[in-house]
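Below is one structure, written out as structure tokens; the observations come after it.
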Amino acid sequence: MAQQILKLRTLEDVIRVRQACVRLAVELGLDGSDRRRVATAAGEIARNVLQHSGDLGEVALEEIDDGTRRGIQIVVRDQGRGIADVVANSSAVASASVISLGAGLAGAKWLMDTFEIDTAIGRGTTVRMVKWQSSNVSP
Ligand SMILES: Nc1ncnc2c1ncn2[C@@H]1O[C@H](COP(=O)(O)OP(=O)(O)OP(=O)(O)O)[C@@H](O)[C@H]1O
Ligand SMILES: [Mg+2]
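To convert, take the position in the sequence shown, counting from 1, and add 31; that gives this note's numbering.
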């Protein structure tokens, strides 16, 4: 399926992001636990945009393929204030290991297979997350 872009303006958009994640996760054959993980992580990171960035933002959802398996990629971006604690603790592209922030960021990192943050003060934040199909799922 082509990339889907969902705009973040209100908390209802966060619900739509969660629903779109579940739909894509079902298409990819992810089990119920992984569907919930993906929806929860995406919802938390999308909610952060509305609560903390001072800006609106958007979510790009798509299926990706690394040659051996398929996965769901979620990119959440805003052009708001950036995450000072992440910037203070790392170079521009933070590896998630340096993050010891609230439950939202730490929880999303824990729920997903890949979790990367690129944030700059005054310029915004991009979070990229991936959940891969587990190896026992037939294509
Ligand atoms: N998109 C963002 N733009 C600016 N700051 C952000 C953004 N996302 C997170 N932050 C900052 O990082 C902190 C930690 O976020 P996290 O989601 O981990 O916790 P929280 O939102 O404070 O609490 P919770 O998610 O548990 O309700 C936030 O308090 C905020 O200062
Ligand atoms: Mg949060």
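Beta carbons: idealized from backbone N, C-alpha and C, even for Gly.
Please report the Cβ distance between residue i and residue j, rounded to the nearest whole angstrom; I am assuming they are in contact, meaning their Cβ atoms lie under 8 angstroms.
{"i": "E89", "j": "R112", "result": "Rounded, the Cβ-Cβ distance is 17 angstroms, inconsistent with contact."}
{"i": "A73", "j": "I105", "result": "5 angstroms"}
{"i": "I148", "j": "A91", "result": "With 8 angstroms as the limit, I148 and A91 do not qualify as a contact, their Cβ atoms being about 15 angstroms apart."}
{"i": "V158", "j": "I76", "result": "5 angstroms"}
{"i": "A51", "j": "D65", "result": "Actually they are not in contact, since the Cβ atoms of A51 and D65 sit about 15 angstroms apart, beyond 8 angstroms."}
{"i": "W163", "j": "R100", "result": "5 angstroms"}
So, helix, strand or coil for residue i, using DSSP?
{"i": "G60", "result": "coil"}
{"i": "G74", "result": "helix"}
{"i": "L37", "result": "strand"}
I want to check one thing, is the minimum distance from the CB of residue i to the heavy atoms of ligand 1 below 7 angstroms?
{"i": "Q110", "result": "no"}
{"i": "V80", "result": "yes"}
In or out: residue i buried (at least 16 other Cβ within 10 Å) or exposed?
{"i": "T150", "result": "buried"}
{"i": "T41", "result": "exposed"}
Along the chain, which unbroken stretches of the alpha helix (DSSP H) at least 4 residues long are found entirely within the stretch 129-164?
134-142
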